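In mature numbering (1 follows the signal peptide of the UniProt record, and there is no 0), the protein residues as written are -21 to -1, 1 to 227. This report concerns only the one structure given below.
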């Protein structure tokens, strides 16, 4: 009986520590596609005003990046909120902020800046590392990767990452920054959204080449795909952090 009670107590402590470790914030990745030639104006507006107004209204700036191959004049950034309800309230307050209204109007005197905005709402996975802020390595290259699983297989994708892939990434010199599971409309399967850091784009590609040839990875991949492929689509975007990004 004493052993049983001890086991229950240890399990409770373990669950508590796991809950403490889990990042339960509500995340949003926003992608701004600019009108031709207007990306510098958007970056200036974010650098001088927007990020500060976000913080004032309870939004946490996680990171801001510009794609290396940026034919769409895009800015990618991630915000965190305490909850979905807090997110909606913060954006409502932001939109009504007198300073923001003035900044928006003044910055667009020569024309519209943003052509289109996309959002991906996300929850941190249970294997995502703690998101770190600025580090003494401003030369890092970041890579955004988005995985769409084959039907009903996103949990198998997550299990493979949780148990194997993230460790193999680290083995091959890749830095795990953050992992999220997207929140989709009912009837649509979630996606795995994650960010890695590399010393350079070339280093990142070399690391992935080594990863794909790793015998342990080949074994894990084959075992996880006995009944067919579990990943349908992979998107990869190499990005550089802006000079005002929290994550650098």
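From the three backbone atoms N, C-alpha and C, an ideal C-beta is built for every residue, glycine too. Note that the structure is a prediction, hence the values are computed from the model and not measured.
The criterion of a C-beta distance shorter than 9 Å is not satisfied by residue 155 and residue 126.
Distance from the CA of residue 10 to the CA of residue 21, rounded to the nearest whole angstrom, comes to 12 Å. No Cβ-Cβ contact shorter than 9 Å links residue 99 with residue 179.
With respect to the 9 Å criterion, residue 69 and residue 101 are not classified as neighbours on the basis of their beta carbons. Rounded to the nearest whole angstrom, the C-alpha separation of residue 54 and residue 44 is 6 Å. Each of 211, 41 and 219 was checked against the Cα of residue 5, and the nearest Cα belongs to 41.
Residue 47 places its beta carbon 9 Å or farther from that of residue 153. For the pair residue 124 and residue 214, the CB atoms are nearer than the 9 Å cut-off.
When DSSP states are grouped into helix, strand and coil, residue 145 belongs to the helix group. Around the beta carbon of residue 88, a 10 Å sphere encloses fewer than 16 other beta carbons of the protein chains shown; the residue is thus reported as exposed. In the three-state scheme derived from DSSP, where H, G and I count as helix and E and B as strand, residue 74 is classed as helix. When the five nearest sequence neighbours on each side are left out, the beta carbons in the same chain lying within less than 8 Å of the beta carbon of residue 73 are those of 32, 33, 36, 38 and 79, in order along the chain. Following the DSSP letters along the chain, one finds residue 9 inside the beta strand (DSSP E) bounded by residues 5 to 13. Secondary structure in the region 160 to 186: the beta strand (DSSP E) runs of 3 residues or longer, each lying completely within the stretch, are 171 to 177 in chain order.
In its chain, beyond the 5 residues on either side, 9, 10 and 12 have a beta carbon closer than 8 Å to the beta carbon of residue 97. Around the beta-carbon of residue 103, 16 or more other beta-carbon atoms lie within 10 Å, marking it buried.
Here the alpha carbons of residue 145 and residue 139 stand approximately 9 Å from one another.
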